[in-house]
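Trainee: In this text, residue positions in the sequence shown follow this note's numbering: the first is 1067, and each later residue adds one.
Note that the Cβ used here is the ideal one computed from N, Cα and C, for glycine as well.
Supplied in structure tokens, the structure appears directly below.
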Amino acid sequence: MGKEDYALEEDGPLQYTNNEAVTQQSSQEIKGLNYSGLYRKASTDESTLHPSYEEQPPPDAKPCWKLKKIFTCPPQGVLAKIVTKAVMVALVWAVVWSITGHECLPGGNLFGIFFLLLCAVIGGKLVGLIRIPTLPPLPSLLGMLLAGFLIRNIPVLSDQVMIRVDWSSALRNIALAIILTRAGLGLDPQALKKLKAVCLRLSLGPCAIESCTAAVISHFLMGLPWTWGFLLGFVLGAVSPAVVVPSMLILQKAGYGIDKGIPTLLMAAGSFDDIFAITGFNTCLGMAFSSGSTLNNVIRGVLEVVVGIAAGILLGFFVQYFPSKDQANIKWKRAYLILGLSVFAVFGSLSFGFPGSGGLCTLVLAFLAGMGWADEKSGVEDIVAVGWDIFQPLLFGLIGAEISITTLKPGTVGLCVATLGIALTIRICVTFIMVCCAGFNLKEKIFVSLAWIPKATVQAAIGSLALDAARHRGDEQLEDFGMDVLTVAFLAILITAPIGALIIGLTGPRMLQKASTSNEEDPDQETGGREGKSSRL
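This is the structure we're talking about:
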């Protein structure tokens, strides 16, 4: 704080001022007072509180003192926050209802979206409140997924919550565009140059092998064509940074595995693993819906990759220089441009008949934009993250709402679980092999293999795209294939997300070596923290 001091208010807490320094006598008087309250800045932001001092109850306080503090008139604290948020939510619905009328009433499309979003947010909060000592918290996305699933399969709710198919598809595609934008911005060019061979092996090897394994198994067990089998494989091949990153940050903070950089390795490799899976999926998606011979389909798939990368490079260089750095509110303009172009790329690729190009274009666009903005991209990332906070509950809620128990056959579910189980087993074995000769001991190799299990965000983002494309074409057989892919993606999230988080929390302290001084600054910790932040999809 430098030379700035605090002045005492007669009937309130100490207030920060920029006036002349308080005399030594005044300072001694202040020290001798038994005050309660908080320091706050008066010269800048009245709502910004200085390091807090908890208000202590008076000596003659009764047991109900805290209860009276909560239920004051007018309300303050927790009760005031609850009332404010409830009124804000109700006001959003009321304003939209006043404009659209019956669309915001039960049975209307907007009512269904609003109700699903609200239930998904509440479901995520409730799951996040589940705390098990010594274990990382369960991912909130699990509560969002279950909220949508329950809404779809509870008769009373499913009759009132109706969401049009085209709206559901559009909202999921917007969420996909935001995910890909965050992934592209999160890639660090300097980290790419310094990646060790083990990180590249961990990023590419398990994803490729699991995708191929799932393709073969789904072809023979589920009867999917080879193209759809590989499409399903790449849906399963992605690991979930939304589960892995928070768990790794907990272990890293406690000092487990930081001597060998294991948390950093897993967080950094997670982003590249997802990008590889999304690239493979987009290529297979274009091939699955193209007509002609196998050779033509392969050529078309390659063409979609080239078109997506070329468009991404062109748009990426454009947003590097526009808006120019001399403009006001530059981070908001950059965020608007990159999000707008990303959404246009995803939807435009569908309109132009190149469904596999939009995702690649968004990834390349965001990566090049981040390179050009350098250290200034953090502000844009924060704005994009707000968009993800809004669309994440919608995405997982809509995915859960696509699964109806009445349409699921026990045989189909069994085959899906078998495909998922075999592919995961192969992935664990391959991951163990990929981290050999990397300086890890046996326990650390086992931990890395098990930590590479969780699946969630990417599966929710791309798992329904094939079904949407099949519905758009109107082919019932392709719709059945798309529903099989979505079912496997749903089961993968439901099974692996909580189990993966629990496995990481249980095995980490037992299999990783704890640093002698966990508070000591680790050279990899800064990188890990940055990668962790950028990888939270």
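Mapping DSSP to helix, strand and coil, what is K1151?
Mentor: In this structure, K1151 counts as helix in the three-state DSSP scheme.
Trainee: Which value, in whole angstroms, describes the spacing of the CA atoms of P1476 and I1229?
Mentor: Approximately 27 Å, taken between the alpha carbons.
Trainee: V1264 and A1451 - do their beta-carbons sit closer together than 8 Å?
Mentor: No.
Trainee: Can you name, in chain order, every residue of its own chain whose Cβ lies under 7 Å from the Cβ of G1438, other than the five neighbours on each side?
Mentor: Same-chain partners within the cutoff: Q1386.
Trainee: For G1189, which residues in the same chain have their Cβ closer than 7 Å to its Cβ, ignoring the five residues on either side in sequence?
Mentor: G1209, M1210, L1212, A1213, listed in sequence order.
Trainee: Give me the Cα-Cα distance between L1516 and C1495, rounded to the nearest whole angstrom.
Mentor: One C-alpha to the other measures close to 9 Å.
Trainee: Hey, is the segment 1342–1356 in contact with the segment 1416–1428, meaning 3+ C-beta pairs nearer than 8 Å?
Mentor: Verdict: yes, contact present.
Trainee: Using a threshold of 8 Å, state whether the C-beta atoms of V1430 and I1465 are closer than that.
Mentor: Taking 8 Å as the Cβ cut-off, V1430 and I1465 do not qualify as a contacting pair.
Trainee: Using 8 Å as the threshold, is the C-beta distance between L1461 and A1527 below it?
Mentor: A contact, by the Cβ cut-off of 8 Å.
Trainee: Curious, which full-length alpha helix (DSSP H) runs of at least 4 residues does the segment 1383–1438 contain?
Mentor: Counting whole runs of 4 or more residues, the segment 1383–1438 contains the alpha helix (DSSP H) stretches 1396–1417.
Trainee: So what does K1580 bridge to, in DSSP terms?
Mentor: Its beta-bridge partners are Y1322.
Trainee: How is the alpha helix (DSSP H) around D1448 delimited, first residue to last?
Mentor: Unbroken alpha helix (DSSP H) run through D1448: 1443–1468.
Trainee: For S1408, collect the residues of the same chain with a Cβ closer than 6 Å to its Cβ; drop the 5 residues on either side in sequence, then sort them by chain order.
Mentor: Closer than 6 Å at Cβ, skipping near neighbours: A1243, T1247, T1428.
Trainee: For N1507, name the three-state secondary structure that DSSP assigns.
Mentor: Residue state, collapsed to three classes: coil.
Trainee: Taking the alpha-carbon positions, what's the T1472 to W1398 distance?
Mentor: If you take the alpha carbons of T1472 and W1398, they lie about 46 Å apart.
Trainee: Along the chain, where does the alpha helix (DSSP H) containing G1295 start, and where does it finish?
Mentor: First-last of the alpha helix (DSSP H) with G1295: 1292–1303.
Trainee: Just the C-alpha distance for A1320 and P1312, rounded to the nearest angstrom, thanks.
Mentor: Roughly 13 Å separates the two Cα atoms.
Trainee: With a threshold of 16 other CB atoms inside 10 Å of the CB of T1150, please say whether the residue is buried or exposed.
Mentor: Exposed, because fewer than 16 other Cβ atoms sit within 10 Å of the Cβ of T1150.
Trainee: Check whether the Cβ atoms of T1485 and A1280 sit closer than 8 Å, and answer yes or no.
Mentor: In this structure, A1280 lies closer than 8 Å to T1485 by Cβ.
Trainee: Is it the case that the Cβ atoms of S1277 and G1346 are separated by a distance below 8 Å?
Mentor: Contact flag set, yes.
Trainee: To the nearest angstrom, how far is the alpha carbon of D1232 from that of E1442?
Mentor: Distance between the alpha carbons of D1232 and E1442 is about 37 Å.
Trainee: Using only CA atoms, which one of I1469, I1375, D1339 lies nearest to I1519?
Mentor: Per the Cα distances, D1339.
Trainee: Taking only three categories from DSSP, how would you classify W1159?
Mentor: Note: W1159 maps to helix in three-state DSSP.
Trainee: Assuming C1273 and F1384 are in contact, meaning their beta carbons sit under 8 Å apart, how far apart are those beta carbons, in whole angstroms?
Mentor: With a Cβ gap of about 31 Å, C1273 and F1384 do not count as contacting.
Trainee: Report the rounded CA-to-CA distance for N1175 versus L1572, giving the unit in angstroms.
Mentor: Between N1175 and L1572, the C-alpha separation is close to 43 Å.
Trainee: Restricting to Cα atoms, I'd like to know which of L1544, L1287, I1456, M1500 is closest to I1488.
Mentor: Checked all of L1544, L1287, I1456, M1500; the closest Cα to I1488 is L1287.
Trainee: What residues in its chain sit with their C-beta under 6 Å from that of T1593, if we drop five residues either side in the sequence?
Mentor: At T1593 the pLDDT is 43, less than 50, meaning the model places this residue with poor confidence; the figure from the coordinates comes in the next sentence. Contacts found: T1330.
Trainee: Just tell me which of Q1142, F1180, M1500, P1141 has its CA closest to the CA of A1160.
Mentor: Nearest of Q1142, F1180, M1500, P1141 to A1160, Cα basis: F1180.
Trainee: Compute the Euclidean distance between the alpha carbons of F1547 and F1388, then round it to the nearest angstrom.
Mentor: Computed Cα separation, rounded: 43 Å.
Trainee: Quick check on C1139: does DSSP put it in helix, strand or coil?
Mentor: The answer is coil: DSSP assigns C1139 none of H, G, I, E or B.
Trainee: So within the segment 1209–1240, which uninterrupted alpha helix (DSSP H) runs reach at least 4 residues, ignoring any that extend past its ends?
Mentor: For the segment 1209–1240, whole alpha helix (DSSP H) runs of length 4 or above, ordered along the chain, are 1221–1226.
Trainee: Pick out whichever of S1415, R1576, L1298 has its Cα sitting closest to the Cα of L1369.
Mentor: The option with the nearest alpha carbon to L1369 is S1415.
Trainee: I'd like the list of long-range same chain contacts for L1381, defined as Cβ closer than 6 Å, with 5 residues on each side in sequence excluded.
Mentor: If we look at L1381 and ignore the five residues flanking it on each side, its Cβ neighbours are L1407, L1431.
Trainee: Quick one: is V1144 buried, meaning 16 or more other Cβ sit within 10 Å of its Cβ, or exposed?
Mentor: Result: exposed.
Trainee: If V1301 and A1555 are in contact, beta carbons under 8 Å, what's the gap, nearest whole angstrom?
Mentor: About 5 Å; that satisfies the 8 Å criterion.
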